[in-house]
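Residue numbers (the working numbering), protein chains in the order written: chain A, -2 to 7; chain B, 13 to 210.
Just so you know, even glycine gets a beta-carbon here, dropped at the ideal spot from N, CA and C.
Owing to the predicted nature of the structure, the values given are computational and were not obtained by experimental measurement.
The structure under discussion appears below in the form of structure tokens.
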Amino acid sequence: DPDDPAHDEL
Amino acid sequence: VLLLKIHATKNCSGVSLKTQELYAIVFVTRYLDLLFSFISLYNTIMKLIFIGSSACIIWYIRFHRVVSQTYDREQDTFRVIFLILPCLLLGIFINHEFTITEILWTFSIYLEAVAILPQLVLLQRTKNVDTLTGNYVFLLGGYRALYLLNWIYRFLTEPGYRQWIVWISGTIQTAIYCDFFYYYFQSWRRNEKLSLPS
């Protein structure tokens, strides 16, 4: 789901 | 940079404890996912460094026998509750998913955008800003500014990559530094000590 961004940034 | 400066000079004048405590809140509430998700070794190590270094800095300013004497207690008076509370409310109402971890993560994104404000106010009150402290604020702002490039790159190369909450907050965060960047470069060009106009 593109509206559910993976929190892969710091 | 800041931890090394404090450790080496045993001096924290011009450093805002309020900003460091806000960052500690930001890192702890954002990196709760250390407990239940793994992204990469780099990601995990950096999260631990961010939490650990801000905890160390807070310890130095609050409890170190020598360093704590140099803290500008009377100048560092920003009322952080006026930042924390609105960010918490914003996190509760504008988020991707109404769960505790997601609300705390979103809160940390909002809080990070404004966490530098007590430090900037303190710098403005400090007549001669320590070079290392100036460099620390510059590097912190520069680091976030580079994210803007990273987001553009990822938007262009990763299909479906977008994250409006992070983008808007990060843009505001970088904008808050603009004034500081201007005076930082001016003092650099003129080879003078940094001082912000009041």
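Own chain, CB closer than 8 Å to residue i, minus 5 neighbours either side, in chain order
{"i": "H19 (chain B)", "result": "Y72"}
{"i": "I106 (chain B)", "result": "T118, I177"}
{"i": "F75 (chain B)", "result": "none"}
{"i": "D(-2) (chain A)", "result": "For D(-2) (chain A), the predicted model reports a pLDDT of 43, less than 50, meaning its position is unreliable; a value from the coordinates is still stated below. So the list is empty, once near-sequence residues are dropped."}
Cβ neighbour criterion (16 or more within 10 Å) applied to residue i
{"i": "V38 (chain B)", "result": "buried"}
{"i": "D88 (chain B)", "result": "buried"}
{"i": "I14 (chain B)", "result": "With the sequence shown as reference, residue 14 (chain B) is identified as Leu, and Ile is not the correct amino acid for it. L14 (chain B) is buried by the Cβ-count criterion."}
{"i": "Y43 (chain B)", "result": "buried"}
{"i": "F90 (chain B)", "result": "buried"}
{"i": "I115 (chain B)", "result": "buried"}
{"i": "A125 (chain B)", "result": "buried"}
{"i": "L53 (chain B)", "result": "exposed"}
{"i": "Q198 (chain B)", "result": "exposed"}
{"i": "V164 (chain B)", "result": "For the record, residue 164 (chain B) in the displayed sequence is Ile; it is not Val. The residue in question, I164 (chain B), is exposed, as its Cβ has fewer than 16 Cβ neighbours within 10 Å."}
{"i": "L34 (chain B)", "result": "buried"}
{"i": "G172 (chain B)", "result": "exposed"}
{"i": "T145 (chain B)", "result": "buried"}
Sequence-distant residues of its chain with Cβ nearer than 7 Å to residue i (five each side left out)
{"i": "I121 (chain B)", "result": "I177, V178, S181"}
{"i": "R5 (chain B)", "result": "With chain B running from 13 to 210 in the structure shown, residue 5 (chain B) is simply not present."}
{"i": "N140 (chain B)", "result": "K205, S207"}
{"i": "Y195 (chain B)", "result": "L206, L208"}
{"i": "V78 (chain B)", "result": "K22"}
{"i": "I104 (chain B)", "result": "I115"}
{"i": "N147 (chain B)", "result": "V13"}
{"i": "S210 (chain B)", "result": "Q136"}
{"i": "L102 (chain B)", "result": "Y122"}
Neighbourhood of residue i by C-beta distance below 6 Å, restricted to the same chain and skipping five residues each side
{"i": "G153 (chain B)", "result": "Y189"}
{"i": "L100 (chain B)", "result": "F119"}
{"i": "D142 (chain B)", "result": "G26"}
{"i": "D84 (chain B)", "result": "S25"}
Contact under 8 Å by Cβ, residue i with residue j
{"i": "T56 (chain B)", "j": "L47 (chain B)", "result": "no"}
{"i": "L135 (chain B)", "j": "G26 (chain B)", "result": "yes"}
{"i": "F110 (chain B)", "j": "V149 (chain B)", "result": "no"}
{"i": "S66 (chain B)", "j": "A36 (chain B)", "result": "yes"}
{"i": "Q185 (chain B)", "j": "R156 (chain B)", "result": "yes"}
{"i": "N236 (chain B)", "j": "T82 (chain B)", "result": "The first residue shown for chain B is 13 and the last is 210, placing residue 236 (chain B) beyond what the model contains."}
{"i": "D5 (chain A)", "j": "I51 (chain B)", "result": "yes"}
{"i": "K59 (chain B)", "j": "L7 (chain A)", "result": "yes"}
{"i": "V40 (chain B)", "j": "I63 (chain B)", "result": "yes"}
{"i": "L158 (chain B)", "j": "T183 (chain B)", "result": "no"}
Contact between the segment 95 to 111 of chain B and the segment 125 to 141 of chain B (3+ Cβ pairs under 8 Å): By the criterion of at least three beta-carbon pairs nearer than 8 Å, the segment 95 to 111 of chain B is in contact with the segment 125 to 141 of chain B.
The segment 130 to 146 of chain B / the segment 17 to 31 of chain B touching (three or more Cβ pairs under 8 Å): Short answer: they touch.
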